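Peer 1:
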Amino acid sequence: MITIRGLKFRTLTIGHLDVPPGWTVLAGLNGSGKSSFIECFTGFSTFSGEISIDAKPVGGCPTGWLPPFPDRGFVFNTVEDEVASPLRFAGVPCKETQRRLLVLAERAGILELLDREVQTLSGGEKVLAALATALATDPVVLLIDEAFSSLDPGTRDRVEEVVRVYGPRYVIEATHDTGRALMRDQVILLEKGNILAMGPPQEVIGRLRGTPFEPLEMVIDGAGL
Amino acid sequence: MELVCNQVLLDRGTWKLHADACFTEGRHLVTGPVGCGKTTLALVLSGCEKPGKGRVHKPGVRSVLLSLQFPEYQVTGSTPREEICSWQILPEQVLKECGLAGRQDDDIESLSQGELKTLHLACVLSRNDDVLILDEPFSTLDPYGKGWVCDRISQRNTGITLVMTHEQSFFPRVDHIWDMAAGNITYVGRVPECLPRWMHAPAALRGLLEQGIIPSNISREDLRGAACRTRA
Numbered sequence: 029m030i031t032i033r034g035l036k037f038r039t040l041t042i043g044h045l046d047v048p049p050g051w052t053v054l055a056g057l058n059g060s061g062k063s064s065f066i067e068c069f070t071g072f073s074t075f076s077g078e079i080s081i082d083a084k085p086v087g088g089c090p091t092g093w094l095p096p097f098p099d100r101g102f103v104f105n106t107v108e109d110e111v112a113s114p115l116r117f118a119g120v121p122c123k124e125t126q127r128r129l130l131v132l133a134e135r136a137g138i139l140e141l142l143d144r145e146v147q148t149l150s151g152g153e154k155v156l157a158a159l160a161t162a163l164a165t166d167p168v169v170l171l172i173d174e175a176f177s178s179l180d181p182g183t184r185d186r187v188e189e190v191v192r193v194y195g196p197r198y199v200i201e202a203t204h205d206t207g208r209a210l211m212r213d214q215v216i217l218l219e220k221g222n223i224l225a226m227g228p229p230q231e232v233i234g235r236l237r238g239t240p241f242e243p244l245e246m247v248i249d250g251a252g253l
Numbered sequence: 014m015e016l017v018c019n020q021v022l023l024d025r026g027t028w029k030l031h032a033d034a035c036f037t038e039g040r041h042l043v044t045g046p047v048g049c050g051k052t053t054l055a056l057v058l059s060g061c062e063k064p065g066k067g068r069v070h071k072p073g074v075r076s077v078l079l080s081l082q083f084p085e086y087q088v089t090g091s092t093p094r095e096e097i098c099s100w101q102i103l104p105e106q107v108l109k110e111c112g113l114a115g116r117q118d119d120d121i122e123s124l125s126q127g128e129l130k131t132l133h134l135a136c137v138l139s140r141n142d143d144v145l146i147l148d149e150p151f152s153t154l155d156p157y158g159k160g161w162v163c164d165r166i167s168q169r170n171t172g173i174t175l176v177m178t179h180e181q182s183f184f185p186r187v188d189h190i191w192d193m194a195a196g197n198i199t200y201v202g203r204v205p206e207c208l209p210r211w212m213h214a215p216a217a218l219r220g221l222l223e224q225g226i227i228p229s230n231i232s233r234e235d236l237r238g239a240a241c242r243t244r245a
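Residue numbers (our numbering), protein chains in the order written: chain A, 29 to 253; chain B, 14 to 245.
#1: Taking the C-alpha atoms as reference points, what is the distance between L145/B and S113/A?
#2: Which residues, in chain order, does the region 188-221 of chain A contribute to contact with chain B at a C-beta distance below 9 angstroms?
#3: According to the neighbour-count rule (16 or more other Cβ atoms, all chains shown, within 10 Å of its Cβ), is L54/A buried or exposed?
#4: Would you call the region 38-54 of chain A and the region 214-224 of chain A touching, i.e. three or more CB-CB distances under 8 angstroms?
#5: Following the continuous beta strand (DSSP E) through F36/B, name the residue where it begins and the one where it ends.
#6: Less than 6 angstroms between C-beta atoms, sequence neighbours within five positions excluded: which residues of the same chain meet that for R68/B?
#7: With I79/A and C68/A assumed to form a contact (beta carbons below 8 angstroms), what rounded beta-carbon distance in angstroms separates them?
#8: Per DSSP, which one or two residues make a beta bridge with V47/A?
#9: Ordered along the chain, which non-local residues of its own chain (more than five positions away) have a Cβ less than 6 angstroms from that of P215/B?
#10: According to DSSP, simplified to helix, strand and coil, what is G252/A?
#11: Flag this pair as yes or no: are the beta carbons of L58/B and V77/B separated by less than 9 angstroms?
#12: Are three or more beta carbon pairs between the region 223-243 of chain A and the region 163-172 of chain A nearer than 8 angstroms?
#13: State yes or no: is the beta carbon of Q117/B nearer than 9 angstroms to at least one beta carbon in chain A?
#14: Please confirm whether T199/B has its beta-carbon closer than 9 angstroms to some beta-carbon of chain E.
#15: Start and end of the alpha helix (DSSP H) containing T52/B?
#16: Please confirm if T183/A has its CB atom under 9 angstroms from at least one CB of chain B.
#17: If we cut at 9 angstroms on Cβ distances, does I180/A have a partner in chain B?
#18: Considering only the alpha carbon of each residue, which of S125/B, T53/B, W211/B, K71/B lies closest to P64/B?
#19: Residues in the same chain with beta-carbon distance under 8 angstroms from K123/A, minus the five sequence neighbours each way, listed in chain order, please.
#20: Return no unless some Cβ of chain B is closer than 9 angstroms to the Cβ of F254/A.
#21: Beta-carbon of T70/A versus every beta-carbon of chain B: anything under 9 angstroms?
#22: How about A160/A and V111/A: are their beta carbons less than 9 angstroms apart?
#23: Does the Cβ of P84/B lie closer than 8 angstroms to at least one heavy atom of the ligand HEM?
#24: What does S152/B touch in chain A if you count any residue whose Cβ is under 7 angstroms from its own?
#25: Could you tell me whether any Cβ in chain B is nearer than 9 angstroms to the Cβ of T239/A?
#26: Kindly indicate which three-state DSSP category C89/A falls into: helix, strand or coil?
#27: One question on the structure: do P85/A and T165/A come within less than 9 angstroms of each other, judged by their Cβ atoms?
#28: If you count every other CB in all the chains shown that lies within 10 Å of the CB of A202/A, and 16 or more means buried, which is it?
#29: Could you tell me whether the region 194-204 of chain B touches the region 139-154 of chain B, using the rule of 3 or more Cβ pairs below 8 angstroms?
#30: Could you tell me the alpha carbon to alpha carbon distance between L94/A and A162/A, rounded to whole angstroms?
#31: Name the residues in the region 174-199 of chain B whose C-beta lies less than 9 angstroms from a C-beta of chain A; which are they?
#32: Does DSSP classify W161/B as helix, strand or coil?
#33: If you check the beta carbons only, do T13/B and G39/B fall under 9 angstroms apart?
#34: For N222/A, which residues does DSSP report across the bridge?
#35: Who are the neighbours of L108/B on chain A, taking C-beta pairs under 9 angstroms?
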């Protein structure tokens, strides 16, 4: 369980929140606090309050982070160097790094891309390379901040399948795509830094009927078909 | 007024753009998956990139404006007010429209991605360029922002407007649809007659079409209206 107590960060204010394992979606308008929520887990920001994952402080837990347009964070020229970089930075021996690199690349479906320069990849391939990199250190939680919103539906299905099959125990995804949110395990709805609702997707997204957040499928179903 | 791609070929080694197309006055939706060539086509049509073969003709066109997917590449002002003025439009109306009233002198870098995109789109949509090319105008916007952009595009009744996107939930009212795949562009046809042939139609629209329902256009209101009329 992820437990959050007395959290204050920028506009985000969360008194008490327990997030069970699974794929959790953060929904809300621009500026509602979704990215701030995710940033609290990355280790790059100082917040007040407590966050723990399975009873361990968040600072001591490995996390994988996919920011918006994740390819902008690429540091190395080739896919191989990029995906292997977290392992090399962690001092994992060369042979073990090579073994794990191949496993990660196979899981993400990018084995044939390892020699390619990252800037020559398509949008979907870049996200898959970034995802393999984020999963390199076996994170406890994978953070996805609108990283999939630039993908077309077919590519997005492929990337999400990798997360579903090989992702960690906790996945937290900020997205505006409430249609996709219906397929997740739970949804947290944020408004101006506060939690408006949390629960099963059908229940939370159902509260958004009549607003632009309503998935297109619901717009049509709700019209009576 | 026309924007014509005459046997355009742009070769990028393993990938090629082929375009033979004529965009007439009206709103055109160009859809296709990531990597199919939408952005490259936008760059060629706007004159930012020169094709290796073929030509782009613009008979009757006095001005072309390309809106890039990532607004930070196009922003020149250090505050929202400066940015709006750089587009030679008055700030008050635009600031109000994009929800930045009172923040006109904020550091432009303090805006979120969504706020910056909204500001940029409010600027380009406030002008009256003969050709407006919008590359992925919906990216980083929340659903309210997407709805607002759709309304603004739907209201653009003069000139040639091209909307290049892979968005599947929000669409403006358009006159023509084009499909792109692997660097090739194909004219699907005039809306609504062409909708059954639209390769990249969203699943929800395909559901309607499979039941023999053809909406008058593709905005949310049109789809909802078509579904409601069927129930009645």
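Note that the Cβ used here is the ideal one computed from N, Cα and C, for glycine as well.
Nothing here was measured: the structure is a model prediction, and the numbers come from that model.
Peer 2: Short version:
#1: To locate residue 145/B, count along the second sequence from 1; it is residue 132. To locate residue 113/A, count along the first sequence from 1; it is residue 85. Rounded to the nearest whole angstrom, the C-alpha separation of L145/B and S113/A is 42 angstroms.
#2: H204, D205, T206, G207
#3: Within the first sequence, the letter at position 26 stands for residue 54/A. L54/A should be labelled buried.
#4: Taking 8 angstroms as the limit for Cβ pairs, the verdict is that the region 214-224 of chain A does touch the region 38-54 of chain A.
#5: Translated into the one-based positions of the second sequence, residue 36/B becomes position 23. Here the beta strand (DSSP E) through F36/B covers 29-37.
#6: Along the second sequence, read from residue 1 onward, the residue named residue 68/B stands at position 55. Contacts found: N19.
#7: Counting from one through the first sequence, the residue named residue 79/A turns up at place 51. Counting from one through the first sequence, the residue named residue 68/A turns up at place 40. By a beta-carbon distance limit of 8 angstroms, I79/A contacts C68/A. Their separation comes to about 6 angstroms.
#8: Indexing the first sequence from 1 puts residue 47/A at position 19. In DSSP, V47/A forms a bridge with I30/A.
#9: Numbered from its first residue, the second sequence carries residue 215/B at position 202. Correct list, in chain order: Q181.
#10: Translated into positions along the first sequence, residue 252/A becomes position 224. Its pLDDT being 46, under 50, G252/A is placed unreliably by the model, and the measurement read from it follows with that caveat. In the three-state reduction of the DSSP assignment, G252/A falls in the coil class.
#11: On the second sequence, residue 58/B is found 45 positions in, with the first residue counted as 1. On the second sequence, residue 77/B is found 64 positions in, with the first residue counted as 1. Yes; because the gap between Cβ atoms is below 9 angstroms, this pair is in contact.
#12: no
#13: Looking up residue 117/B in the second sequence gives position 104. No, because no Cβ of chain A sits closer than 9 angstroms to the Cβ of Q117/B.
#14: No chain E appears in the structure shown, which is made up of the protein chains A and B.
#15: One-based indexing of the second sequence puts residue 52/B at position 39. Boundaries of the alpha helix (DSSP H) around T52/B: 51-59.
#16: Position 155 of the first sequence, counted from the start, is the residue given in the question as residue 183/A. Yes, T183/A counts as interfacial toward chain B.
#17: As a working mapping, residue 180/A is identified with position 152 in the first sequence. The displayed chain sequence assigns Asp, not Ile, to residue 180/A. Cβ-Cβ to chain B under 9 angstroms: yes for D180/A.
#18: Within the second sequence, residue 64/B is the residue found at index 51, counting from 1. Closest by alpha carbon: T53/B.
#19: Taking the first sequence and counting its residues from 1, the one referred to as residue 123/A is at position 95. Nothing listed; no residue qualifies.
#20: No information on residue 254/A is available, as it lies outside the stretch 29 to 253 that chain A covers here.
#21: By one-based count along the first sequence, residue 70/A stands at place 42. Proximity of T70/A to chain B, defined by a Cβ-Cβ separation below 9 angstroms, is not satisfied.
#22: For this step, residue 160/A is matched to residue 132 along the first sequence. For this step, residue 111/A is matched to residue 83 along the first sequence. Less than 9 angstroms divides the Cβ of A160/A from the Cβ of V111/A.
#23: Inclusion of the ligand HEM in the displayed structure is not the case, the ligand content being empty and no account of it being possible.
#24: Taking the first residue of the second sequence as position 1, residue 152/B is located at position 139. Within chain A, the residues near S152/B are S177, S178.
#25: Within the first sequence, the letter at position 211 stands for residue 239/A. Yes, contact with chain B.
#26: Within the first sequence, numbered from 1, the residue matching residue 89/A stands at position 61. It is coil, neither helix nor strand.
#27: On the first sequence, residue 85/A is found 57 positions in, with the first residue counted as 1. On the first sequence, residue 165/A is found 137 positions in, with the first residue counted as 1. Not in contact: P85/A and T165/A (Cβ atoms no closer than 9 angstroms).
#28: In the first sequence, residue 202/A corresponds to position 174, counting from 1. A202/A should be labelled buried.
#29: no
#30: If you number the first sequence from 1, residue 94/A lands on position 66. If you number the first sequence from 1, residue 162/A lands on position 134. The C-alpha of A162/A is placed about 7 angstroms away from the C-alpha of L94/A.
#31: H179, Q181, S182, F183
#32: As a first step, residue 161/B must be located in the second sequence, where it is residue number 148. If DSSP states are grouped into helix, strand and coil, W161/B belongs with the helices.
#33: Examination of residue 13/B is not possible in this model, given that chain B is present from 14 through 245 alone.
#34: For the purposes of this step, residue 222/A is identified with residue 194 of the first sequence, where counting begins at 1. N222/A is bridged to E219/A.
#35: Here residue 108/B is taken as the residue at index 95 of the second sequence, counted from 1. Per Cβ cutoff of 9 angstroms: no residues; L108/B is ~16 angstroms from chain A at best.
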